[in-house]
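Trainee: Residue 55 is where the sequence shown starts when you use this note's numbering, and the numbers rise one by one after that.
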Amino acid sequence: MVMKRLLLLPSNRKKAHLHIDGDIGAAAVTYWFYPKGVAISGWGDNVPATIKTDTERIITRTSNNSYVKVFERQTTAANTGNRKSTMALGQIKTGDYSSLNGTWQNGQGNQIKIHNQRMKFSDFGLTQDATPGTITKLKMDVPSLDDQQGNSKTVDGLKYHQQLTYQTSNGASMLQGSFSISGSSGGLYDVVFMPGGNNADLNNGDSSRDRIVALGTQNDPQNIPSDKIYYRSN
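(1) With a threshold of 16 other CB atoms inside 10 Å of the CB of Asn136, please say whether the residue is buried or exposed.
(2) Nearest to Tyr220 by CA position, among Thr148, Ser287 and Ile94, is which residue?
(3) At the level of alpha carbons, what is the spacing between Trp97 and Ile283?
(4) Say whether chain B places a C-beta atom closer than 7 Å to the C-beta of Asp200.
(5) Going straight from the alpha carbon of Ile146 to that of Val92, what length do you get?
(6) Relative to the alpha-carbon of Gly289, which residue among Val245, Asp260 and Ala184 has its alpha-carbon at the smallest distance?
(7) If the criterion is Cβ atoms closer than 7 Å, does the pair Ser287 and Thr185 meet it?
(8) Is it the case that the Cβ atoms of Gly161 and Asp244 are separated by a distance below 7 Å?
(9) Give the range of the alpha helix (DSSP H) segment to which Leu143 is assigned.
(10) Given Gly240, which residues of its chain have a CB within under 7 Å of its CB, disregarding the five upstream and five downstream residues?
(11) Can you give me the C-alpha to C-alpha distance between Tyr151 and Gly163, rounded to a whole angstrom?
(12) Where does Ser227 land, buried or exposed, given buried means 16+ other C-beta within 10 angstroms?
(13) Going straight from the alpha carbon of Phe178 to that of Val267, what length do you get?
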């Protein structure tokens with residue numbers, strides 16, 4: 055096989071992936087390399103929905119029959135068995151997030167940067183536009199939805215409540231707030247903390263690893279798409 059070229063094709067700096075083009079006789083072959091945390095897109099139904107975003111993946115495609123094959127890195131049982139959760143739920147309950155310190159990222163490229171009593175979100179996901187903000191102790195702050203004094207205000211019919219409470223539901227531990235939407239009953243905003251080895255309230259994702267989910271919902275946060283689940287990246 056003769057390789058023609060090596061290309062780095064970033065949709066942006068956070069979602070870069072590589073592909074290599076080559077040929078085998080008259081057929082063209084392409085290898086796509088997706089790093090951990092980068093969502094696979096643009097393949098339609100050719101990629102199984104069960105493929106995870108929290109591990110490295112390789113996709114191969116040949117032009118003569120549009121044959122697509124996906125390879126996913128497997129974690130050995132020995133490695134998963136030795137992995138211990140670092141989530142201190144008793145501390146999180148008081149607004150102390152030091153057991154989570156570091157950067158957490160989901161498959162959509164969103165991040166949570168955590169240091170002691172503060173969690174900094176690249177996008178809370180409250181609106182169609184990015185809504186970055188912070189949680190400090192048990193208070194949520196989204197600057198784009200605040201007035202000049204830093205208090206929550208109604209923006210395009212949506213108003214969120216800044217004060218959070220600590221809740222447990224079906225084995226999940228979470229910080230919970232609420233929001234209202236004009237003409238609707240509104241909903242809840244949940245930041246769910248799920249230690250590795252426990253999958254009580256999440257049907258997707260890698261249950262051997264610590265996970266965080268942050269979302270606005272009117273239902274229990276169970277069937278969360280895998281690419282919305284945050285894992286510690288450093």
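From the three backbone atoms N, C-alpha and C, an ideal C-beta is built for every residue, glycine too.
Just so you know, these numbers come straight off a predicted model, no measurement behind them.
Mentor: According to the structure shown:
(1) Residue placement at Asn136 cannot be trusted, given a pLDDT of 49 that sits under 50; the coordinates are not used to answer.
(2) Thr148
(3) 21 Å
(4) No chain B appears in this structure, which consists of one protein chain only.
(5) 28 Å
(6) Nothing about residue 289 can be read from this structure; the chain reaches only from 55 to 288.
(7) no
(8) no
(9) Leu143 to Ile146
(10) Ser232, Phe233 and Ser234
(11) 22 Å
(12) buried
(13) 10 Å
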